[in-house]
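Engineer: Here's a structure for you.
Protein chains: 2
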Amino acid sequence: MNPTHSKRERLTAAAATLVHQKGFSNTTLADVAEMAKLPLGGIYYYFKTKDALAEAVTERRVSDIDALLEKLDRLPTPQARLKALVNVWAEDREIDALYGCPIGSLCYELAKGRGPLSTVASRLFTHLLAWSEAQFGLAGFTRKQAKTHALHLISALQGISLVANALGDSDAILSETRFLTGWLDTLSRTQKNGGHA
Amino acid sequence: MNPTHSKRERLTAAAATLVHQKGFSNTTLADVAEMAKLPLGGIYYYFKTKDALAEAVTERRVSDIDALLEKLDRLPTPQARLKALVNVWAEDREIDALYGCPIGSLCYELAKGRGPLSTVASRLFTHLLAWSEAQFGLAGFTRKQAKTHALHLISALQGISLVANALGDSDAILSETRFLTGWLDTLSRTQKNGGHA
DNA sequence: GTCTATATGGAGATAGAC
DNA sequence: GTCTATCTCCATATAGAC
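Next up, the structure:
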């Protein structure tokens, strides 16, 4: 509605895309302005500094995660939800092999040197981990087991994105997501009271 | 011996440390010169460009990996070697939680945008994966299983480094390395002809 | 609110004395 | 081979007209 919000939205969207593809340091405000079809100086009405733009991009990623998890919450069982999360990586394998996971690569870059920004970035993982941990809990695992399994799952997804990106090989992601799906199945079978949400 | 090599060595060592701590983009040649106790201009006698320095850092990491794997090769069984690899991450957990895995964070950064440099960086993972795959093969797995397991292992180690770095939590690395060690034990037990190198 | 023009600083890279 | 001084470019950021 408000044209102000529309431009701000275009800026964060353009920045999110460019940061994913080229990294934050390699992305110039001129790049962002061009993709958002705004003059360079126009950015500063919406964002005082480049770091403020990075923060907006991070917030946007947090929203993406929250929206995804809400969608997954509609599935009937925790096992189905966890497998659906894994499946998101399988579906995004081509773009992740090209540019890495948008969350992981952002966190890794923002963690270097910048104090305040890295704090915001860490929220991306606390959300994912808390949700996964909750699912494992609902599936009947103890709190400790749920925590360990959630950490393993999210780490594996982040790691395969990084490795596949380094190798430029999207099939690696497919291999690992199949492995993780199998692991989740095995866990369900091992459980006594297997997964009634 | 040659004082030239000594300075070149000091430069790559300083660059490797700084790139790990602050990232490649955030590291200036002035930083490197200062840490290596050389004047800024002196760098250009050894490295024509900043990218050439990045390449030297990457080569250095490749050497580190090769030396590590050679050391692990002296262990009696493939299971012992794989568990020892995991243990390296457990031992390095404090520094990895602070700055991320030196290999993974370097690859992620160099993969963004730079064509030629990312190729060199990918060698870091091809070495690690080939070695791990060989160990799983020696442990009695089929080629396909060995490939899958190697990818899972290296991904998990990379992923936990990334997540622990984002959270600033070295205990996360400890949790995951314990999990992986347990997984390797389970694999051995599942195998019929368990692991005679 | 939006745009143009410009200031400022910093980082990579070079020239050239020694 | 080594060091000092400097150049140039470019990216962030600002000033100020409209």
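Heads up: the sequence lines are chains A and B, in that order. Count along the first sequence from 1, add 116, and you get the number used in this note's numbering. Count along the second sequence from 1, add 116, and you get the number used in this note's numbering. C-beta atoms are modelled at their ideal positions from N, C-alpha and C, and glycine is treated no differently.
Candidates B:Leu134, B:Ala227 and B:Asp182: which alpha carbon is nearest B:Leu214's?
Structural biologist: The candidate whose alpha carbon is nearest that of B:Leu214 is B:Leu134.
Engineer: Using the rule of at least 16 other Cβ atoms within 10 Å of the residue's Cβ for burial, across every protein chain shown, is B:Ser221 buried or exposed?
Structural biologist: Looking at its Cβ environment, which holds 16 or more other Cβ atoms inside 10 Å, B:Ser221 is buried.
Engineer: Using the C-alpha atoms, what's the distance from A:Ile270 back to B:Leu271?
Structural biologist: Position check: residue 271 of chain B holds Ser in this sequence, whereas Leu was assumed. Roughly 11 Å between the two C-alpha positions.
Engineer: Of all Cβ atoms in chain B, is any one closer than 8 Å to the Cβ of A:Phe163?
Structural biologist: Not an interface residue.
Engineer: Quick check on A:Lys138 - is its C-beta less than 8 Å from some C-beta in chain B?
Structural biologist: True, the Cβ-Cβ gap to chain B drops below 8 Å.
Engineer: For A:Phe241, which residues in chain B fall below 8 Å Cβ to Cβ?
Structural biologist: Neighbours of A:Phe241 on chain B, chain order: Val279, Ala282 and Leu283.
Engineer: Can you tell which of A:Thr302, A:Ala282 and A:Leu273 has the C-alpha that lies nearest to the C-alpha of A:Ser291?
Structural biologist: Here the closest residue by C-alpha is A:Leu273.
Engineer: Taking any Cβ of chain B, which residues in the stretch 212–236 of chain A have a Cβ under 8 Å from it, in chain order?
Structural biologist: Here the close residues are Tyr215, Gly216, Gly220, Ser221, Cys223, Tyr224, Glu225, Ala227, Lys228, Gly229 and Ser234.
Engineer: Exposed or buried, which one is B:Arg305 when buried takes at least 16 other CB atoms within 10 Å?
Structural biologist: Label assigned to B:Arg305: exposed.
Engineer: Taking only the alpha-carbon atoms, compute the straight-line gap between A:Pro78 and A:Arg209 and give it to the nearest angstrom.
Structural biologist: Lying outside 117 to 313, the shown extent of chain A, residue 78 of chain A is not represented and no answer is given.
Engineer: Quick one: using the 10 Å Cβ neighbour count with 16 as the cut-off for buried, is A:Tyr224 buried or exposed?
Structural biologist: A:Tyr224 comes out buried.
Engineer: For A:Thr264, decide whether its Cβ has a neighbour in chain B, counting only Cβ atoms nearer than 8 Å.
Structural biologist: Cβ-Cβ to chain B under 8 Å: yes for A:Thr264.
Engineer: How about B:Ala288: is its C-beta nearer than 8 Å to some C-beta of chain A?
Structural biologist: By this cut-off, B:Ala288 is an interface position.
Engineer: Starting from B:His121, find everything on chain A with Cβ-Cβ shorter than 8 Å and list it in chain order.
Structural biologist: Correct list: empty, because the minimum Cβ distance to chain A is about 30 Å.
Engineer: If the criterion is Cβ atoms closer than 8 Å, does the pair A:Phe241 and B:Leu283 meet it?
Structural biologist: Yes, the Cβ-Cβ distance between A:Phe241 and B:Leu283 is below 8 Å.
Engineer: From B:Ala132 to A:Pro194, what does the alpha carbon distance come to, in whole angstroms?
Structural biologist: Spanning the two alpha carbons is a distance of roughly 44 Å.
Engineer: Might you give, ordered along the chain, the residues of its own chain that have their beta carbon closer than 7 Å to the beta carbon of A:Arg294, omitting 5 neighbours on each side?
Structural biologist: Closer than 7 Å at Cβ, skipping near neighbours: no residue.
Engineer: Could you spell out where the alpha helix (DSSP H) holding A:Ala237 opens and where it closes?
Structural biologist: Gly231 to Leu254 is the extent of the alpha helix (DSSP H) around A:Ala237.
Engineer: Taking C-beta to C-beta, are A:Asn281 and B:Ala227 nearer than 8 Å?
Structural biologist: Yes, these two residues count as a Cβ contact at 8 Å.
Engineer: Quick check on A:Ile181 - is its C-beta less than 8 Å from some C-beta in chain B?
Structural biologist: False, the Cβ-Cβ gap to chain B never drops below 8 Å.
Engineer: Measure from the C-beta of A:Gln274 to each C-beta in chain B and report whether the shortest distance is under 8 Å.
Structural biologist: So, interface residue.
Engineer: For B:Ser248, which residues in chain A fall below 7 Å Cβ to Cβ?
Structural biologist: In chain order: nothing, as chain A lies at least about 12 Å away.
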